[in-house]
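Residue numbers for the sequence shown follow numbering that gives the first Met the number 0, beginning at 0 and rising by one.
Note sheet for the following structure.
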Amino acid sequence: MDIKEYFDRISYQGSYDKPDLATLTDIFQHHIRAVPFENLSIHCGESIELDLEATYKKIVRKRRGGWCMENNHLLSWVLKTLGYNVTLLGSRVYVPEYDAYAEEIDHLLLKVVLDDKSYIVDGGFGMAYQMWQPMELVSGTDQPQIPGVFRFLEDSGVWYLEKVKRKQWVPNQSVSTSHNVEKEVCRRVYLFTLQPRDIEEFRASNTHLQTAPDSLFVMKSICSLQTSNGVWALVGWKLTEIKYNYKDNMDLMEIRILADEEMEKTLKEKFNITLDNKFVPINTSRLSLF
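Okay, here's the thing in structure tokens:
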């Protein structure tokens with residue numbers, strides 16, 4: 000494992016001798032624009048391992064993406080290598096269709112302490128709820144970013160992340176199946192505590208999410224990548240491009256349904272992913288990712 004090889008993978012050419020917020024933000028943004036959030040291994044007959052060296056080989060050498068337990072585990076190694084004070088945290092993701100949070104921790108995120116301030120760094124959420132900058136851990140303060148306004152709320156030691164949504168303009172509404180796009184003003188994302196976690200505490204969740212029949216990640220093949228002004232997302236056969244703040248506080252959402260023969264080319268051109276094994280797309284869950 001070589002930090003310079005990782006920097007080559009994310010096309011980062013800046014300095015890294017000083018562990019400050021500017022450097023952290025720069026590396027983080029390069030990561031989310033180079034490394035997709037994806038669960039394609041599940042739909043290629045591969046297993047997703049928690050082992051750091053296996054994750055490094057997959058993301059850095061094979062130029063794949065990963066989900067939170069891969070992206071943020073790798074990021075924690077990167078930041079620790081550079082001298083940052085990093086702690087693993089566990090969160091429970093909000094499921095809007097059930098109006099409930101997961102019962103057990105199912106998401107890995109990072110806390111980084113800089114100059115006596117704590118920041119949440121999460122490079123593994125993907126889609127339209129991916130933060131683009133480290134967020135200061137303060138309650139009740141709006142933190143505007145290009146994807147939208149994020150904020151934390153704290154109650155009795157439990158922290159909640161939410162995102163204020165813009166309106167979405169979908170020119171070709173006929174292929175859209177998103178629920179209540181216009182009605183939802185604010186989306187709860189996840190809750191977490193500041194209890195330090197060890198990577199081994201995520202092993203059960205890592206297994207469950209890729210094997211349980213009712214797991215969102217089993218029922219949907221997902222690949223998303225942040226761009227300079229939005230995000231690309233491939234869910235099943237549906238390819239979505241969002242351009243943030245396209246006009247008048249409105250995001251542009253363009254949707255296209257792909258044919259099977261377009262999949263390989265799209266993964267290569269939009270996400271820079273080439274798969275070793277046959278990919279079988281799936282989208283059998285009605286749960287919304289937008």
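Beta carbons: idealized from backbone N, C-alpha and C, even for Gly.
Which residue's Cα is closest to the Cα of ALA127: ASN205, THR206 and VAL148?
-> With distances taken between Cα atoms, ALA127 lies closest to VAL148.
If you draw a straight line from the C-alpha of ARG255 to the C-alpha of ASN282, how long is it?
-> So the two alpha carbons sit approximately 14 Å from each other.
Below 9 Å between beta carbons: does that hold for LEU39 and LEU274?
-> In this structure, LEU274 lies closer than 9 Å to LEU39 by Cβ.
Out of PRO146, ARG285, TYR93 and GLY64, state which residue places its alpha-carbon closest to the alpha-carbon of GLN229.
-> At residue 229 the sequence reads Gly, which differs from the Gln that was named. Per the Cα distances, PRO146.
On the premise that LEU113 lies in contact with LEU87, defined as a C-beta separation below 8 Å, what is that separation, rounded to the nearest angstrom?
-> In fact, because the Cβ distance is near 17 Å, the residues do not count as touching under 8 Å.
Quick one: what does DSSP say VAL169 is sitting in, helix, strand or coil?
-> VAL169 falls in the coil class under three-state DSSP.
Since VAL92 and TYR189 are thought to touch, with beta carbons under 8 Å apart, how far apart are those beta carbons, to the nearest angstrom?
-> About 5 Å separates the beta carbons of VAL92 and TYR189, which is inside the 8 Å limit, making them a contact pair.
Which residue from GLN167, LYS242, ALA99 and GLN132 puts its Cα closest to that of HIS30?
-> A check of alpha carbon separations from HIS30 across GLN167, LYS242, ALA99 and GLN132 identifies GLN132 as the nearest.
For ILE2, which of helix, strand or coil comes out of DSSP?
-> Residue state, collapsed to three classes: helix.
Mind checking whether GLY89 and ARG196 have CB atoms under 9 Å apart?
-> Pairing GLY89 with ARG196 gives a Cβ-Cβ distance under 9 Å.
Three-way DSSP call (helix, strand, coil) for ASP19 in this model | Three-state DSSP puts ASP19 in coil, outside helix and strand.
Fully enclosed by the region 207-244, which beta strand (DSSP E) runs are 3 residues long or longer?
-> The beta strand (DSSP E) runs lying completely inside the region 207-244 and spanning 3 residues or more are 221-225 and 229-234, given in chain order.
Would you mind working out which of GLN194, GLN142 and THR192 sits nearest MET130, comparing C-alpha positions?
-> Per the Cα distances, GLN142.
If you run the structure through DSSP and keep just helix, strand and coil, what is PHE124?
-> Coil.
Less than 8 Å between the CB atoms is what I'm expecting for ARG63 and ILE198, so what's the real figure, rounded?
-> Wrong, their Cβ atoms sit about 19 Å apart, outside the cutoff.
Got a sec? Which residues, its chain only, sit under 8 Å from ASN244 by beta carbon, not counting five neighbours each side?
-> Cβ neighbours of ASN244 within its own chain (closer than 8 Å, five residues either side excluded): ILE145, ARG165 and ASP250.
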